[in-house]
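In what follows, a single structure is set out as structure tokens and then discussed.
Residue numbers (the numbering used here), protein chains in the order written: chain X, 1180 to 1593; chain P, 299 to 720.
Shown next, in the form of structure tokens:
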């Protein structure tokens, strides 16, 4: 596979910069990642990192409207927040790169704090909360599951927040504190990818970002989520057309050597029509209407998740039993061929994940945040190295009832 | 010190090259080809003229495509899935009112083997009772989940109201459809439509002649006759509304729209620009009013959906239940304003820049270019459409926006609300 080439520099104020040149595109992606997410929140003020992301579009001292500046330069832009990071990006024609740097640096340096923006964005985020979580069938599942998976770590609430009230009660003083604490050059990675002259880009970046003063960024001391010692169960009843089973297992943090093992296991179990659980439980035994497996990878301990809706002629107890049986069977019958299959699947998915420059800029920033942008190029090797014994040992020691979190999401009886 | 009040200079004049698509033949089938990309990936779309217009049960096109990707006369669905998964290749079906497409994405190195599997699926599907029953039961369950979602319901009834449930474009899935569909219908539909005389291929990505030779050697299809079909003509929509009562919904989904001119009409680019002013980007009027001023919604947008002979315009949003009627009034008010007042030159330039950028992005990389090409090719237009579009976009003035809004966005709106309202 072709290596993704890039240059890296660090400004005096601590801002890390990644530059990746691709001359086949007329565009440039500017990706600014702040190392702040919902893990930086306190239990009584959740959803704040995401609300703050919205406020980053309220204008700054010299750029009254970020979005209009980018649009006028023929660009598009957006942002997302997760448990660990808040990520802003703009994709702009190469000729207009500098204006994106100007606007991005200005909101890093001096964001506007406007009460009316806060008032409106609180409402917008509440509607987002409803649209994605409260007004969708099964939408509240993360609010049920996260507190079961995490007892002490802030991952116990979803990024959108524990409840609507937390967002409604956010104050301007808190907004300012948050900005002053986390939105600092020394807490960010700026990644630029596309059709650029590297030297000229370096000069532009220095021009606009180097005079932003660094801040004293707080050190987080987050508790390590302890391993589960006994099975955690919860049953809820909801007005849904099908009962659903959710099974979660804590897994190691993003940089742990076993992280790829869990990732491959989730594919082995549920990715594709030939995967273990899909083939056996959806096609053969017809217990599940659908089944999904995936990992929530994160800085700190993440989790592996198995979830599916079941058919009416089965109970959730039977469905769970069937999953356990499959997990047991994998241990007995896993062969090298099947491991190679999921590695190949991973290779395809990984290569497909950075077709466009926006994805490349974002991934480079993310790997740099983890510790080294070069890991983008070595990631696949980590997956290639996984052996049968690595997989089997996770099945043996971690995917077991005493370490499971099981949610029965039951169709209410009429 | 730098003066931050001075914005760096920008341009919106670009040397835009509209790429050409190579046209050739592969096993007597038209093949459209775009080379390039930095990753060793190939995408092949096998595109049949099929879809709702040729089926009397709205589930048939979807079910046929799904079952084509299951067992064949030579191999079980599990064997085929194993082989595809081993290559990390994916075949995804896509259904439209007038087309059915299988999209294969694979690493270049696995493409020859993936092609063999796809060819086998397209030539010898089994449509087994077993595969069928599993799929039907799963889809039926999913249907009951979907209809609990306000936006699904609003979308569904909007199209039915716009085109009429009898018209292929307005067909919607009903619970009963699941009880009346049988594998024989799929076989029949398949035999009529999935053959050599009714197919086109689109290939893009990391291409070379060897890949094409392989495609030529392995891709074959049964012969057939061109399926003539007279689509009932579409009647322009007339003013109608419908409310779908959904207990306990805390947001309402709103769809407001109407039929408009097809993409081939000379006024179409101007109309597209006008609807962008209304709801096509973050700075659009509806987004600013409904989201950024009133905080009623997380998002609102407009879309133009194209068929060969007609298009439709739609405003779509989900809003707080309490704000439902005020939001609807705002939507009509903004449409009305667009039809009666010229937009400012500032707004004109904003939209022009936004759409120029969109255009550049749609031409970035072989996969995007192919999608852009298909969007015109499939409604019988050519890449020349984009030359015309760019010309209109570069020169359009507020007066023309007002003119097309006033001509195409007045009266006869279809309005659908799904939510917990009376």
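Glycine included, C-beta positions come from ideal geometry on N, C-alpha and C.
- Query: What are the complete alpha helix (DSSP H) segments, minimum 4 residues, inside the segment 1513 to 1563 of chain X?
  - Reply: If only complete runs of 4 or more residues are kept, the segment 1513 to 1563 of chain X shows the alpha helix (DSSP H) at 1515 to 1531, 1536 to 1549 and 1554 to 1563, in order along the chain.
- Kindly say whether residue 1497 (chain X), judged by its beta-carbon, lies nearer than 8 Å to any beta-carbon of chain P. By one-based count along the first chain, residue 1497 (chain X) stands at place 318. It does not: the Cβ of residue 1497 (chain X) has no partner Cβ on chain P nearer than 8 Å.
- Query: Is the segment 1552 to 1560 of chain X close to the segment 1569 to 1584 of chain X, with three or more CB pairs under 8 Å?
  - Reply: In short, these stretches do not touch, since the Cβ pair count stays below three.
- Message: Ignoring anything shorter than 3 residues, give me the beta strand (DSSP E) runs that lie fully in the segment 1358 to 1424 of chain X, in order along the chain.
- Response: Those beta strand (DSSP E) runs which fall completely within the segment 1358 to 1424 of chain X and span 3+ residues are 1367 to 1373 and 1411 to 1417.
- Under 8 Å Cβ-Cβ, which residues of chain P neighbour residue 1204 (chain X)? Taking the first residue of the first chain as 1, we reach residue 1204 (chain X) at position 25. Neighbours of residue 1204 (chain X) in chain P, taken as residues whose beta carbon is under 8 Å from its own, are 662 and 663 in chain order.
- Message: Do residue 1497 (chain X) and residue 1466 (chain X) have their beta-carbon atoms positioned less than 8 Å apart in this structure?
- Response: To locate residue 1466 (chain X), count along the first chain from 1; it is residue 287. To locate residue 1497 (chain X), count along the first chain from 1; it is residue 318. For residue 1466 (chain X) and residue 1497 (chain X), yes; Cβs fall inside 8 Å.
- Please decide whether residue 1528 (chain X) counts as near chain P, where near means a Cβ-Cβ distance under 8 Å. Residue 1528 (chain X) sits at position 349 when you count from the first residue of the first chain. Chain P contact via Cβ: present.
- By how many angstroms is the C-alpha of residue 485 (chain P) removed from the C-alpha of residue 425 (chain P)? Start at 1 with the first residue of the second chain, and residue 425 (chain P) comes out as number 127. Start at 1 with the first residue of the second chain, and residue 485 (chain P) comes out as number 187. Cα-Cα distance, rounded: 7 Å.
- Query: Taking the C-alpha atoms as reference points, what is the distance between residue 1420 (chain X) and residue 1586 (chain X)?
  - Reply: As a first step, residue 1420 (chain X) is located in the first chain; it is residue number 241 there, counting from the start. As a first step, residue 1586 (chain X) is located in the first chain; it is residue number 407 there, counting from the start. Here the C-alpha atom of residue 1420 (chain X) lies approximately 17 Å from the C-alpha atom of residue 1586 (chain X).
- Message: Just checking: is the beta-carbon of residue 1485 (chain X) within a distance shorter than 8 Å of some beta-carbon in chain P?
- Response: Reading the first chain from its first residue, position 306 is the one you call residue 1485 (chain X). The beta carbon of residue 1485 (chain X) does not come within 8 Å of any beta carbon belonging to chain P, so the residue lies off that interface.
- Inter-residue spacing [alpha-carbon to alpha-carbon] between residue 647 (chain P) and residue 1251 (chain X): What you label residue 647 (chain P) is simply residue 349 of the second chain in a count that begins at 1. What you label residue 1251 (chain X) is simply residue 72 of the first chain in a count that begins at 1. Going from the Cα of residue 647 (chain P) to the Cα of residue 1251 (chain X) covers about 7 Å.
- What residue from P:664, P:439, P:483 and P:471 has the CA that sits closest to residue 1491 (chain X)'s CA? To locate residue 1491 (chain X), count along the first chain from 1; it is residue 312. It is P:439.
- Item | 6 Å CB neighbourhood of residue 557 (chain P) in its chain, flanking five on each side removed | Numbered from its first residue, the second chain carries residue 557 (chain P) at position 259. Counting only Cβ-Cβ distances below 6 Å, and skipping sequence neighbours, we find 534, 535, 608 and 610.
- If we ignore side chains and look at the alpha-carbon of each, how far apart do residue 415 (chain P) and residue 378 (chain P) end up? Here residue 415 (chain P) refers to the residue found at position 117 of the second chain. Here residue 378 (chain P) refers to the residue found at position 80 of the second chain. Distance between the alpha carbons of residue 415 (chain P) and residue 378 (chain P): 7 Å.
- Do you know offhand how far residue 701 (chain P)'s Cα is from residue 565 (chain P)'s? By one-based count along the second chain, residue 701 (chain P) stands at place 403. By one-based count along the second chain, residue 565 (chain P) stands at place 267. Straight-line Cα distance between these residues: approximately 10 Å.
- For residue 1489 (chain X), collect the residues of the same chain with a Cβ closer than 8 Å to its Cβ; drop the 5 residues on either side in sequence, then sort them by chain order. Numbered from its first residue, the first chain carries residue 1489 (chain X) at position 310. Once the five neighbours on either side are set aside, the close Cβ partners of residue 1489 (chain X) are 1421, 1422, 1423, 1424, 1466, 1467, 1468, 1495 and 1498.
- Could one say the Cβ of residue 574 (chain P) lies closer than 8 Å to chain X's Cβ atoms, at least one of them? Within the second chain, numbered from 1, the residue matching residue 574 (chain P) stands at position 276. No, its Cβ sits nowhere closer than 8 Å to a Cβ of chain X.
- Task: Report yes or no: do three or more beta-carbon pairs, one from the segment 374 to 389 of chain P and one from the segment 1526 to 1541 of chain X, lie closer than 8 Å?
- Result: The segment 374 to 389 of chain P is in contact with the segment 1526 to 1541 of chain X.
- Message: Considering Cα atoms alone, identify which of P:433, P:341 and P:497 is closest to residue 479 (chain P).
- Response: The sequence position of residue 479 (chain P) within the second chain is 181, counting from 1. Cα-wise, what sits closest to residue 479 (chain P) is P:433.
- Leaving aside the five residues before and after residue 353 (chain P) along the sequence, list all residues of the same chain whose C-beta is less than 7 Å from its C-beta, in chain order. Here residue 353 (chain P) refers to the residue found at position 55 when the second chain is read from its first residue. Only 359 and 487 meet the Cβ criterion.
- Message: Could you give the first and the last residue of the continuous beta strand (DSSP E) run that contains residue 324 (chain P)?
- Response: Sequence index remark: in the second chain, residue 324 (chain P) carries index 26 (1-based). 320 to 324 is the span of the beta strand (DSSP E), which, as asked, contains residue 324 (chain P).
- Query: What residues in the segment 1360 to 1376 of chain X have a beta carbon less than 9 Å from any beta carbon of chain P?
  - Reply: Those would be none; no residue qualifies.
- Task: Could you name the residues of chain X that residue 337 (chain P) contacts, counting a contact when the two beta carbons are closer than 9 Å?
- Result: Taking the first residue of the second chain as position 1, residue 337 (chain P) is located at position 39. 1180, 1181, 1530, 1531, 1533 and 1534, listed in chain order.
- Let me know the alpha helix (DSSP H) ranges lying completely inside the segment 449 to 498 of chain P, each 4 residues or longer, listed in chain order. If only complete runs of 4 or more residues are kept, the segment 449 to 498 of chain P shows the alpha helix (DSSP H) at 475 to 478 and 481 to 491, in order along the chain.
- Query: Which residues in the same chain have their Cβ closer than 7 Å to the Cβ of residue 1318 (chain X), if we skip the five residues on either side of it in sequence?
  - Reply: Along the first chain, one-based indexing puts residue 1318 (chain X) at 139. Once the five neighbours on either side are set aside, the close Cβ partners of residue 1318 (chain X) are 1311 and 1312.
- Query: First and last residue of the alpha helix (DSSP H) that includes residue 710 (chain P)?
  - Reply: Within the second chain, residue 710 (chain P) is the residue found at index 412, counting from 1. Here residue 710 (chain P) belongs to no alpha helix (DSSP H), and DSSP marks it neither H nor E.
- Query: Buried or exposed: residue 1332 (chain X), going by 16 or more other Cβ atoms within 10 Å of its Cβ?
  - Reply: Along the first chain, read from residue 1 onward, the residue named residue 1332 (chain X) stands at position 153. Of the other Cβ atoms in all chains shown, 16 or more fall within 10 Å of the Cβ of residue 1332 (chain X); this residue is therefore buried.
- Pairwise C-alpha distance: residue 364 (chain P) and residue 427 (chain P): Position 129 of the second chain, counted from the start, is the residue given in the question as residue 427 (chain P). Position 66 of the second chain, counted from the start, is the residue given in the question as residue 364 (chain P). Cα-Cα distance, rounded: 13 Å.
- Message: Between residue 1230 (chain X) and residue 1286 (chain X), how many whole angstroms is the CB-CB distance? I'm expecting something under 8 Å.
- Response: One-based indexing of the first chain puts residue 1230 (chain X) at position 51. One-based indexing of the first chain puts residue 1286 (chain X) at position 107. At roughly 16 Å, the Cβ-Cβ gap does not stay under 8 Å, so residue 1230 (chain X) and residue 1286 (chain X) are not in contact.
- Query: Okay, do the segment 1534 to 1552 of chain X and the segment 1254 to 1268 of chain X touch, 3+ Cβ pairs below 8 Å being the bar?
  - Reply: Pairwise C-beta distances place the segment 1534 to 1552 of chain X in contact with the segment 1254 to 1268 of chain X, as three or more of them are shorter than 8 Å.
- Item | Element boundaries [alpha helix (DSSP H), containing residue 1328 (chain X)] | Stepping through the first chain from its first residue, residue 1328 (chain X) is reached at position 149. Residue 1328 (chain X) -> alpha helix (DSSP H) spans 1320 to 1328.
- Task: Please classify residue 343 (chain P): does DSSP put it in a helix, a strand, or coil?
- Result: Taking the second chain and counting its residues from 1, one reaches residue 343 (chain P) at position 45. Under the three-state reduction of DSSP, residue 343 (chain P) is assigned to strand.
- What is the DSSP secondary structure of residue 317 (chain P), counted as helix, strand or coil? Residue numbering aside, residue 317 (chain P) sits at position 19 when the second chain is read from its first letter. Of the three classes helix, strand and coil, the one that applies to residue 317 (chain P) here is coil, per DSSP.
- Going along the chain, which residues of its own chain have a beta-carbon closer than 7 Å to the beta-carbon of residue 1354 (chain X), five neighbours each way excluded? Mapped onto the first chain, residue 1354 (chain X) falls at position 175. Cβ within range, chain order: 1231, 1234, 1292 and 1297.
- Determine the direct distance from the alpha carbon of residue 1290 (chain X) to that of residue 699 (chain P), and round the result to whole angstroms. Locating residue 699 (chain P) in the second chain gives position 401, counting from the first residue. Locating residue 1290 (chain X) in the first chain gives position 111, counting from the first residue. So the two alpha carbons sit approximately 35 Å from each other.
- Starting from the C-beta of residue 351 (chain P), find all residues in its chain whose C-beta is less than 7 Å away, skip the five residues before and the five after it, and write them out in chain order. Position 53 of the second chain, counted from the first residue, corresponds to residue 351 (chain P). For residue 351 (chain P), where only same-chain residues beyond five positions count, the Cβ hits under 7 Å are 395, 396, 466, 527 and 529.
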